[in-house]
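These protein sequences, in sequence, are chains U and F.
Numbering-wise, this note's numbering comes out as the position in the first sequence, counting from 1, plus 26.
Numbering-wise, this note's numbering comes out as the position in the second sequence, counting from 1, plus 20.
By construction, the Cβ of each residue, glycine as well, lies at the ideal position given by its N, Cα and C atoms.
First up is the structure itself, then whatever we jot down about it.
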Amino acid sequence: KQEVTQIPAALSVPEGENLVLNCSFTDSAIYNLQWFRQDPGKGLTSLLLIQSSQREQTSGRLNASLDKSSGRSTLYIAASQPGDSATYLCAVLYQKVTFGTGTKLQVIP
Amino acid sequence: SAVISQKPSRDICQRGTSLTIQCQVDSQVTMMFWYRQQPGQSLTLIATANQGSEATYESGFVIDKFPISRPNLTFSTLTVSNMSPEDSSIYLCSSISTDTQYFGPGTRLTVL
Numbered sequence: 027k028q029e030v031t032q033i034p035a036a037l038s039v040p041e042g043e044n045l046v047l048n049c050s051f052t053d054s055a056i057y058n059l060q061w062f063r064q065d066p067g068k069g070l071t072s073l074l075l076i077q078s079s080q081r082e083q084t085s086g087r088l089n090a091s092l093d094k095s096s097g098r099s100t101l102y103i104a105a106s107q108p109g110d111s112a113t114y115l116c117a118v119l120y121q122k123v124t125f126g127t128g129t130k131l132q133v134i135p
Numbered sequence: 021s022a023v024i025s026q027k028p029s030r031d032i033c034q035r036g037t038s039l040t041i042q043c044q045v046d047s048q049v050t051m052m053f054w055y056r057q058q059p060g061q062s063l064t065l066i067a068t069a070n071q072g073s074e075a076t077y078e079s080g081f082v083i084d085k086f087p088i089s090r091p092n093l094t095f096s097t098l099t100v101s102n103m104s105p106e107d108s109s110i111y112l113c114s115s116i117s118t119d120t121q122y123f124g125p126g127t128r129l130t131v132l
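This is the structure in structure tokens:
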């Protein structure tokens, strides 16, 4: 059974800092890994999708990496802004999607 | 990409009643999914809604409690039956298009 863990569970940083969110999964047999953002009381917004054959994907200030063999992914956020405050979820897809436990990020102005 | 809408966006219901949540996708998709997100928790898959056949339920979820319809490739409903306060959650529908998973805005359900 796939298990997905995210560390840390919560993170508070001052505006402008670069930060890394971590995602670990127990079964390396995945099709892809996806990072989402969830604002309080809202649905999920897809940020980045990494196919199992890829090592990283970039979108603006976001960079996601994937090391399938070690069961790890990181989401790097450069020059954080207060608008980045949200919960970040990673999810792995293999036949079905398994979500991580989430990291709640607060960027302090 | 796929744009997904849900109705209602939120509801407050009495114990013992049922609520049906609608999910509409702007394009035809093979697979649609229903998730539950309890307060402070991550998402848990309830079931996969299959067009033309019964939904496939995950462990811990049963059809009598969460009946699902999928009449065509763009629409699905989830009913939360005989509700109790423990059913208070956000319910989200989702679809996969070109390996990317898209989500509706969610339905926030409060059961009194």
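Under the three-state reduction of DSSP, Pro91 of chain F is assigned to strand.
Listed along chain F is no residue with a C-beta nearer than 7 Å to that of Ser38 of chain U; the closest approach is about 17 Å. By the rule that beta-carbons nearer than 7 Å mark a contact, Gly60 of chain F does not touch chain U. Rounded to whole angstroms, Ser91 of chain U and Leu101 of chain U show a C-alpha spacing of 7 Å. Comparing alpha carbon positions, the residue from U:Ala117, U:Arg98 and U:Phe125 closest to Val46 of chain U is U:Arg98. Pairing Phe95 of chain F with Ser115 of chain F, the inter-Cα distance amounts to about 11 Å.
Annotation for Ala117 of chain U: Gln60, Val123 and Phe125 place their beta carbon closer than 6 Å to its own, counting only its chain and skipping 5 residues before and after.
With respect to chain F, the C-beta atom of Thr84 of chain U has no partner C-beta closer than 7 Å.
Cys113 of chain F has its alpha-carbon roughly 29 Å from the corresponding atom of Val133 of chain U. For Asp119 of chain F against Asn58 of chain U, the beta-carbon gap comes to about 6 Å, under 8 Å, which counts as contact. The beta carbon of Asp119 of chain F falls within 7 Å of a beta carbon belonging to chain U, placing the residue at that interface. With contact defined as three or more Cβ pairs closer than 8 Å, the region 73 to 90 of chain U and the region 25 to 36 of chain F are not in contact. For the options U:Asn89, U:Ile76 and U:Asn48, the alpha carbon positioned closest to that of Thr31 of chain U is the one of U:Asn48.
Counting only the Cα atoms, Leu37 of chain U lies some 36 Å from Val82 of chain F. With respect to chain U, the C-beta atom of Leu63 of chain F has a partner C-beta closer than 7 Å. Annotated as distal: Lys27 of chain F and Gln48 of chain F, with beta-carbon spacing of 7 Å or more. The beta carbon of Ser108 of chain F sits closer than 7 Å to those of Leu129, Thr130 and Val131, all from its chain and outside the five residues before and after it, given in chain order.
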